[in-house]
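Structure record follows, encoded as structure tokens.
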Amino acid sequence: MSFASTSSRAFASAARPDPHAGVFETLLVLDGRPLELEAHLARIDASLRALFGAPVPPAARRLVLDQARGGPARLRLTVAPGAAGALEPEVTVAPVAASLVLPGWERAVDLAPVVVDGGLGAHKWDDRRLLAIAEDDVSPRIPLLLDDDGTVLEASRGNVFAVFAGVLVTPPTDGRILPGVTRRRVLSLATELGIGVREEALPLERLSEATEVFLTGAVRGIEPVRAWDGVLTGAEQLVTPLLSHALRRLWRSPHDR
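Numbering (our numbering), first residue to last: 6 to 262.
Printed below as a string of structure tokens:
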């Protein structure tokens, strides 16, 4: 199947995120612990320095720790310029069904290709108008963002991984995609488990050759993909459940890295 023959829809640049709305991080809270806190703070700090020339406010860490209770829960840390121009942090928390965390094949998702010229970049924008439009347009499928040449970038709610002959392949963090915290963790776990990993350009057509496809994100962790644009992926999951088990064990440890 060629890129031109897919049902991909292109979205206008008018819906591009407004940087002044700020950026955010989503963390999974388990047993009162905000997972991967340091990595999330480091990523939002890098975005704020690049966008506004200022670090993450010191109050952000305390807000997260104060609000992280119980779980499973989705904690969202948003930082944006306030009325006086200074960066202001805000935290919201919502419960999450346990079945959504590290879901099995029975909750595998379908993807729908959506063209976003140049991608959305390396920041987690609070202004999600473009993604909201895409999600409404292809629901109940999940938008799979492509560059205008058909290169796979990321999904609307996570990074993309594909398995080819037992080797894990994911698009590089070249400025067009969000450098996911869970993405980095999965790459590390794969290396520890002896699974080959490659970060390289992934044309959409190549996904039809993959034996497994999955998404990674801060709340769901690893999310199996059943199909993309009507093309089924392999139902015989080998690498995906292996990595999911390793990530679950790490997340359940009180000393997660």
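Note that the Cβ used here is the ideal one computed from N, Cα and C, for glycine as well. Just so we're clear, the structure is a prediction, and the values are computed from it rather than from any experiment.
Counting along the chain, where does the beta strand (DSSP E) carrying residue i start and finish?
i      : result
Leu116 : Val114 to Val120
Val174 : Val172 to Thr175
Glu241 : From DSSP, Glu241 is part of no beta strand (DSSP E); its letter is neither H nor E.
Thr178 : Note, Thr178: premise wrong, no beta strand (DSSP E); not H, not E.
Pro148 : Ile147 to Leu151
Closest Cβ-Cβ distance between residue i and chain B: below 7 Å?
i     : result
Val28 : Here chain B cannot be found, since the structure has a single protein chain.
For residue i, which residues in the same chain have their Cβ closer than 8 Å to its Cβ, ignoring the five residues on either side in sequence?
i      : result
Ile49  : Val28, Phe29, Glu30, Val61, Ala65, Leu82, Val84 and Lys129
Val288 : The chain is shown from 6 up to 262; residue 288 falls before or after that span and cannot be answered.
Asp20  : According to the sequence provided, residue 20 is Ala. The question's Asp does not apply to it. Correct list, in chain order: Arg134, Leu135 and Ile138.
Ala26  : Ala85, Trp130, Asp131 and Asp132
Leu194 : Leu248, Ala251, Leu252 and Leu255
Could you pull the DSSP bridge partners for residue i from this structure?
i      : result
Leu53  : DSSP lists no partner for Leu53.
Thr156 : Pro208
Leu92  : Pro86
Glu228 : Leu220
Ala215 : Its beta-bridge partners do not exist; DSSP assigns none.
Ala78  : Val34 and Pro100
Pro39  : Val34
Val202 : Leu173
For residue i, collect the residues of the same chain with a Cβ closer than 6 Å to its Cβ; drop the 5 residues on either side in sequence, then sort them by chain order.
i      : result
Arg304 : Residue coverage of the chain in this structure runs from 6 to 262, which leaves residue 304 outside it and unanswerable.
Roughly how far, in whole angstroms, is the beta-carbon of residue i from the beta-carbon of residue j, given that I think they are within contact range, below 8 Å?
i      : j      : result
Leu80  : Leu32  : 5 Å
Pro176 : Leu198 : No, Pro176 and Leu198 are not in contact; Cβ-Cβ is about 21 Å, not under 8 Å.
Asp115 : Arg231 : 6 Å
With a CB to CB cut of under 7 Å and the five nearest residues on each side skipped, what residues in its chain are close to residue i?
i      : result
Thr196 : Val202
Thr245 : Glu217, Phe219, Ile227 and Pro229
Ala59  : Leu53 and Leu92
Pro24  : Leu56
Between which two residues does the alpha helix (DSSP H) containing residue i stretch?
i      : result
Val61  : From DSSP, Val61 is part of no alpha helix (DSSP H); its letter is neither H nor E.
Arg162 : That residue, Arg162, is in no alpha helix (DSSP H); it is neither H nor E in DSSP.
Pro246 : Val244 to Arg257
Thr196 : Val186 to Glu197
Val143 : Arg134 to Val143
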